[in-house]
Amino acid sequence: MMPEIDWRLVRRLLIAAGTVVALLLSVATVLGTLAAQADLTLKIAVFVAVALGLALLALVSRVAGIIFLLLVNPLAFVVVNWPAIFDFLDGALRFAFEPASRQLVIVDCFDDGGCSGIWPIVFAALFFFIVLTSFAYTTLLERRLIAFFQQRIGPNRVGPLGFLQPAADGVKLVFKEDFRPAGAYRVVYTFAPLIKVLPVMLLFGVIPIGPSIIVPWFAPSLGDVWFRVPLGLADPGVGLLWLLAITSLGTYGVVLAGWASNNKYAMLGGLRASAQMVSYELSFGFALAVPIMLAGSMSIGDIIRGQELIWEWYVFQNPLAAFILFIAVLAETNRAPFDLPEAEQELTQGYQTEYSGMKFAQFMMAEYLGMIAVSALVAITFLGGWQDGFGLVRTAPILGPLVMGGKIFLLLALMIWVRATLPRIRYDRLMQYGWKVLLPLSLVAVVWTAVAVVLGDLFDSPVIYGMAGAIFFVLIVGGAWLIMGRGRREEEDPALDPMITGERGGLGHVILNVVGGLLAVPFVLFRYTLNALDSLAGVAAGDAADMSGEAGSPGQAQG
82 MMPEIDWRLV RRLLIAAGTV VALLLSVATV LGTLAAQADL TLKIAVFVAV ALGLALLALV
142 SRVAGIIFLL LVNPLAFVVV NWPAIFDFLD GALRFAFEPA SRQLVIVDCF DDGGCSGIWP
202 IVFAALFFFI VLTSFAYTTL LERRLIAFFQ QRIGPNRVGP LGFLQPAADG VKLVFKEDFR
262 PAGAYRVVYT FAPLIKVLPV MLLFGVIPIG PSIIVPWFAP SLGDVWFRVP LGLADPGVGL
322 LWLLAITSLG TYGVVLAGWA SNNKYAMLGG LRASAQMVSY ELSFGFALAV PIMLAGSMSI
382 GDIIRGQELI WEWYVFQNPL AAFILFIAVL AETNRAPFDL PEAEQELTQG YQTEYSGMKF
442 AQFMMAEYLG MIAVSALVAI TFLGGWQDGF GLVRTAPILG PLVMGGKIFL LLALMIWVRA
502 TLPRIRYDRL MQYGWKVLLP LSLVAVVWTA VAVVLGDLFD SPVIYGMAGA IFFVLIVGGA
562 WLIMGRGRRE EEDPALDPMI TGERGGLGHV ILNVVGGLLA VPFVLFRYTL NALDSLAGVA
622 AGDAADMSGE AGSPGQAQG
C-alpha cells in the first residue's frame, strides 16, 4: 500500500524553495544593476520593482511575491544589461555564420566591460556548483575509505556503486523534523549554522583553481577576440591574510550554537571549540608566515608562481612548517583526532546536540566544505597549487584545474586516513600538544626560514640558502631522534596524575603563583590605603564627638 502524501508539507517545501530562489535572484539583480552601465532612471525603476516584489512577498502573499520576483528579476536583468547581451549575441552569430571575418586577437577579460561583468558570474556559478557537489561526494568518499580501512564494503545500495547515496542523505535531511528547544535563543539558534557556513564559502573567493586560460568571446566593439580569463574570483595582494582571518570566523558559529541551544553539553562543546581555536590559531599563523617569507608576498598568485618546478615547492624548503600547517588545519576544522567539541562519548553530540534536519546539514556542509578549503590552502602554500612541478601546466593551462583537484583529493584522503587511524585524545593532552609542542615547533620553523632567506639574500647565493636550510633540517631531525631515542617513559602512576588527584605542583604552578603575587601587590596596597583612610576618618569623627561633648558640659553645669 502506497503511503499517503502530505501535500501541505510539499506545499511548504515548494514555498520555502521558491522563496530562497526569489531572494537569490533579487540579490543578483540588484548587484547586476549596480554594476551595469545603464541610465540612472532605469536603475531606479529596477530597484523599485524589486522592492515591490519583496514587499509583496513579506506582507501580502508569499506565493504572489515569489511569482512576481521570478518574473520581474530576469526581465530586469536583461533590460539593464541589454547592450552587453546584444553585443554578445551579435558576435556569436557573426562568429558562427561569417568565418571570413574572424580575427584571433587576445584581450584581457578585465579590459572589456561585457567580459568583466559576465565572466565572474559564470565562473562563480560553475565553481560553486562544483564545490557544493564535491562537498556531497566528500561524505561518500569518507564512508567508502573508512570502510576500506576497516575491511567493510561501505554504502553501495543507492545508485550504481552507491554514487547516489549523497542525494538520498539530502532528501532524508530535508524531510526530517526540524525542532527547536523551548529555552533556546531563537535568533542566534537559527543563524548560528549560517555563521558557520558563510566564512567557509568566502574562503573560495580567493582560491584560484588554475592559471588564466584563453576562451573565445564575441565583442563587436573589439572584433572577434579571444579573452584571457582567470580561473579565480579575486587575487588581492593580501589573499593569504584574508584566508587566515576568515578561517577563524567559523568558530563563532560553533560557540553561538552551543550558547543558544540552552544545553550544557552544547555549551561545553562551544567552549571547547573556542579554546581549541585559540590554541592552534597561533601555530596556524606562524606556519603561514613561512610561504610569505619565501615568496616575499601575501598574494596567493605570487606564492603559486614561486613554486613552478617540483624542487621549488615550499614543502621541500621547510617540511616542518608544512607538517604544522596540516595539523593546525585539522584542529581548525574539528577533524579527528581534534573533534573534541562534538565528542559523542562525553557531550552527546557537543554543540550539535539540539540541531536536526537542515540546520544539522548546514553544520555538516560547513565541516566538509572546510576540509576542501583547507586542503586547497595546504596545496597552494606548500605543494605548488595548480603547478604540476614539471612545467606541463605552463604549456597546457587547461591542466591546472585537474592538477589542483588531484592535490585536494589526496589531502582529503589523508585527512580521512588520519581519522580512521588515530583515536580521540584527552582534552588536556590536546591543549598541551597545541601549546607545548606545535607552538614552539612553529617558532623554530619561522626562524629556520628567516635565517635561510636572510643568509641567501646577504650572500646572493642559492647555495648558501640551501646549506642553511639543510643545517636546520639536520638539527631538527637530530633533536627529534635524541628526544624519541630515549625510549618511552614508564607509565606514570595514576595517583600522581594532577588531572586525577587535583594536586598542584611543578614549575608552571610556581610561576603562576609568583605572577599572581606580583599582580596582587597593587590590590593589597590599595586595600591597605582604604583601611588607613577609614581609620583616620574614624579617629577624626571621635575627636569631633569629644570636642562637641566638652563644649556642651559648661551649659549643663550652669543649668
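In my numbering, the protein residues as written are 82 to 640.
All residues carry an ideal CB built from backbone N, CA and C; glycine is no exception.
Query                                                                                                                                                       : Result
Between which two residues does the alpha helix (DSSP H) containing Glu-362 stretch?                                                                        : 345-376
Roughly how many whole angstroms lie between the Cα atoms of Leu-322 and Val-287?                                                                           : 11 angstroms
CB Gln-388 to CB Gly-466, shorter than 9 angstroms?                                                                                                         : yes
Under a three-way DSSP split, which group does Leu-314 fall into?                                                                                           : coil
Taking Cβ to Cβ, would you say Arg-143 is nearer than 9 angstroms to Thr-110?                                                                               : no
Would you identify the three-state DSSP class for Pro-418, choosing helix, strand or coil?                                                                  : coil
When you compare each of Ala-368, Ala-531, Leu-138, Asp-120 to Val-102 by their alpha carbons, which one comes out closest?                                 : Leu-138
Which term fits Phe-540, buried or exposed, when burial requires 16 or more other beta carbons within 10 angstroms of its beta carbon?                      : exposed
Using 9 angstroms as the threshold, is the C-beta distance between Ile-294 and Gly-313 below it?                                                            : no
Here's the rule: buried if 16 or more other CB atoms are within 10 angstroms of the residue's CB, otherwise exposed. What is Tyr-609?                       : exposed
Provide the residue(s) that pair with Pro-280 in DSSP beta bridges, ordered along the chain.                                                                : DSSP output for Pro-280 lists no bridge partner at all.
If you draw a straight line from the alpha carbon of Trp-307 to that of Val-188, how long is it in whole angstroms?                                         : 6 angstroms
Identify whether Phe-490 lies in helix, strand or coil by the three-state DSSP scheme.                                                                      : helix
Which residues share a DSSP beta bridge with Trp-307?                                                                                                       : Ile-187, Pro-297
Please report the distance separating the alpha-carbon of Gly-382 from that of Asp-469.                                                                     : 15 angstroms
If distances are taken between C-alpha atoms only, which option among Ile-234, Leu-279, Thr-220 comes closest to Gly-251?                                   : Thr-220
Look at the alpha carbon of Leu-617 and the alpha carbon of Gly-598, and state the distance between them as a whole number of angstroms.                    : 28 angstroms
DSSP three-state call for Gly-470: helix, strand or coil?                                                                                                   : strand
Arg-92 to Ile-148, Cα distance in whole Å?                                                                                                                  : 14 angstroms
Rounded to whole angstroms, what is the Cα-Cα separation between Leu-614 and Val-620?                                                                       : 10 angstroms
Give the secondary structure of Pro-292 by DSSP, where H, G and I count as helix, E and B as strand, and everything else as coil.                           : strand
Buried or exposed for Leu-156, going by 16 or more other Cβ atoms inside 10 Å?                                                                              : exposed
Who are the Cβ neighbours of Val-411 in its own chain at under 6 angstroms, not counting the five residues just before and after it?                        : A quick correction: the sequence has Leu, not Val, at residue 411. Phe-419, listed in sequence order.
Quick check on DSSP: helix, strand or coil for Leu-390?                                                                                                     : strand
Does the beta-carbon distance from Ala-457 to Ile-497 come in below 9 angstroms?                                                                            : no
For the candidate residues Gly-377, Gln-118, Ala-273, whose alpha-carbon lies nearest to that of Ala-165?                                                   : Gln-118
On the three-state DSSP scale, how would you describe Pro-164?                                                                                              : helix
Only counting the same chain, and skipping five residues up and downstream in sequence, which positions put a Cβ closer than 8 angstroms to that of Ala-97? : none
Could you give the C-beta distance for Val-532 and Ala-549, rounded to a whole number, given that I count them as a contact under 8 angstroms?              : 6 angstroms
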